[in-house]
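Step one of this worksheet: look at the structure below.
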Ligand code: ADP
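Numbering (the working numbering), first residue to last: 1 to 462.
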C-alpha cells in the first residue's frame, strides 16, 4: 500500500507539538511493516536549517530521503513558509494562515502528478491539511485523483482553523460549500469541519478521545457532526519513540537504569535536585510537570489546590512554556512557597528528559488530553503518572500503574496527590507501581499495526 502523509509538522524538520512526532515516526514504522510511505511538508525556514541535503524537482518542489525507503517532499513558497515560526509569532497567528495552508493542500495534491508515487491513501492531519479531502472531491475530482482515499486524523479538536467568512473565496471552492452542510461554522470558515465532512475515514489519537469529541463538553461545537460521522471515526493511541525515550540509554540523564537496577533511578533524582537547587535531607516525593502552559493542561486546578498541596511532604518541579498568564501564576506560586515549587519557564529538551528520569511521579491534571505523551514517557522512566481521567490518559493510566482522579475538582486532585504521597512511603509497594509502568509497551510499532488495519479498511470503502 502507498500512503502519502500530508502535514504542517514532522520531526525532525518542523515541530511544535505531538503532531510532529506522529508524522515523524509513523511512516518509518509502516515502512518496517512493508508499506510504502512518503511525507509532504511545507518548506519552512526550520527545514532549511535541519542539516539535510535537498534535491530539486522544480522551483516549487524539493525532496530529501530520510531512510532508504522514505522520501519527504517539500512545497516551497518563501512568501508563505520562509518565516521564523510555523503558525504565528508573539503577535498571534499569522493572518494569512488560510491562504498559506490552502495553498499547501492544493500543491500537495498537484505534487502527485509530478512524482512517481501515486498514493492509495492520503493521510491528512489536523485543520492545516483538512482541505485535502475537500479538494479531492470537488476542485480536484478528476482522473488522476480518482480512487485515492483520505484519512483525516484529529490531534486536538480544540484547534479548527477558523477564519472570517470573507476569506472563503480564497479557497477556490464553489460558494455553495459555505453552508451548514459545508465549511460554514457560526458565520466563519472552519477548515477542520470541511475535512471531517469530506474525509473517507476519520481518526483521533486515543479511543476515549474518540468518544469524548462526540459530547458537548469536548466537541468544541463540532460534537453533532462527530456523532453524525461516528461510524467513520476510530481512536488509535499515539506511540512514543522508544529510542529517544529510554531510561537505559538516554544521553541526557545522569545514570542509566532498567528493571534490574531500578534503584539507580535515584541517582538521577539527586542530580536533578542539585541542578534545580532543591535541598531536602528527608526522602521527599518529587513530582514533575512538563508541558505547554495552556488552559487545557490543568494549571488552574493545580494552583487552586496549591495552598493545601504545599502542606504535604512533597516537592514539585515544573517545566513549561506558553501563555504569560500561567508564567506569572506559577512564578508567584514559587515565590510564596520557595521550598515546595520549582518553576522553569522555558522549552528545554534536556531538562525534560532529566525530569522524566529524576522525578518520582509526573503530574498531568489536564482538563482534556487527546492522547498525551508525558504519561507514556514517564512509564519508560519508572516515574509514576498522576492524571485526570480523560482522553488518552484514561486509556493508558490505571490504579495499578499510576494515580487517577475522576472528578475535575480541587478536592479530588488533592486526594490523588495525598494518595501518592502516602504510597511513596511504602517503598516496596511504590517499587511495584514503578515496575508496572516500565513493563508497558507504548512504542510506535503497536500503533502502526492499528493504523495499518485502518488503512486496509479504508481502501475497501467503495
Ligand atoms: P501537546 O501536544 O498537547 O503539547 P503532548 O503530551 O502530546 O502535549 O506532547 C508534549 C510533548 O512536548 C512531550 O514530549 C513533552 O515532553 C514536550 N514538552 C512540552 N513542553 C515542554 C518544555 N517546556 N520543554 C521541553 N519539552 C516539552
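Glycine included, every Cβ here is placed at the ideal spot set by N, Cα and C.
Nothing here was measured: the structure is a model prediction, and the numbers come from that model.
1. Report the three-state DSSP secondary structure of residue 249 (helix, strand or coil).
2. In the DSSP assignment, find the unbroken beta strand (DSSP E) run with residue 37 in it and report its ends.
3. What residues are listed by DSSP as bridge partners for residue 153?
4. What does the Cβ neighbour count give for residue 432, buried or exposed, with the cut at 16 atoms within 10 Å?
5. Examine the ligand ADP and report whether any of its heavy atoms sits within less than 7 Å of the Cβ of residue 43.
6. What I want to know is whether the C-beta of residue 374 ends up closer than 7 Å to one or more non-hydrogen atoms of the ligand ADP.
7. If you reduce the DSSP assignment to three classes, tell me which class residue 397 lands in.
8. Which whole-angstrom value describes the C-beta separation of residue 262 and residue 353, a residue pair presumed to lie in contact below a C-beta threshold of 8 Å?
9. Can you check the stretch 307-373 for any alpha helix (DSSP H) of at least 4 residues that lies completely inside it and give the ranges in chain order?
10. Report the start-end ranges of each alpha helix (DSSP H) in the stretch 216-282 that is 4 residues or longer and not cut off at the edges.
11. Using the C-alpha atoms, what's the distance from residue 272 back to residue 47?
12. So residue 188 is in the beta strand (DSSP E); what residue range does that whole segment cover?
13. Give a single yes or no on whether residue 377 has its beta carbon closer than 7 Å to a heavy atom of the ligand ADP.
14. Could you check the C-alpha separation between residue 13 and residue 91 for me, to the nearest Å?
15. Counting only the same chain and skipping the five closest in sequence on each side, list residues whose C-beta sits under 6 Å from that of residue 320.
16. Do the CB positions of residue 476 and residue 157 come within less than 8 Å of each other?
17. Nearest to residue 266 by alpha carbon, out of 113, 450, 255?
18. Less than 8 Å between C-beta atoms, sequence neighbours within five positions excluded: which residues of the same chain meet that for residue 447?
19. If we ignore side chains and look at the alpha-carbon of each, how far apart do residue 23 and residue 186 end up?
20. Does residue 429 come out as helix, strand or coil in the three-state DSSP assignment?
21. To the nearest angstrom, how far is it from the Cα of residue 368 to the Cα of residue 82?
22. Please report the distance separating the alpha-carbon of residue 279 from that of residue 134.
23. Please report the straight-line C-alpha distance between residue 405 and residue 37, rounded to a whole angstrom.
24. Residue 14 bridges to which residues according to DSSP?
25. Could you round the C-beta distance between residue 382 and residue 340 to whole angstroms and report it? I think they count as a contact, below 8 Å.
26. Is the beta carbon of residue 248 sitting closer than 8 Å to the one on residue 284?
27. Straight-line CA distance for residue 62 to residue 459?
28. Suppose the cutoff is 8 Å on Cβ atoms and the five residues either side in sequence are ignored; what does the same chain contact list for residue 342 look like?
29. Which residues in the same chain as residue 52 place their Cβ atom closer than 7 Å to its Cβ, once the five residues preceding and following it in sequence are excluded?
30. Under 8 Å Cβ to Cβ from residue 67, same chain only, skipping five residues before and after it: list those, please.
31. Under 8 Å, do residue 357 and residue 384 count as touching if we go by C-beta distance?
For this structure:
1. coil
2. 36-42
3. 125, 203
4. exposed
5. no
6. yes
7. coil
8. Not really, about 17 Å apart at Cβ, beyond 8 Å.
9. 324-336, 349-358
10. 223-228, 265-276
11. 33 Å
12. 188-190
13. yes
14. 24 Å
15. 291, 293
16. Only positions 1 to 462 of the chain appear in this structure, which leaves residue 476 out of reach.
17. 255
18. 26, 29, 236, 237, 238, 239
19. 31 Å
20. helix
21. 33 Å
22. 57 Å
23. 40 Å
24. 10
25. Incorrect: roughly 24 Å between the Cβ atoms, too far for contact.
26. no
27. 29 Å
28. 276, 277, 278, 315, 316, 317, 318, 334
29. 64
30. 28, 31
31. no
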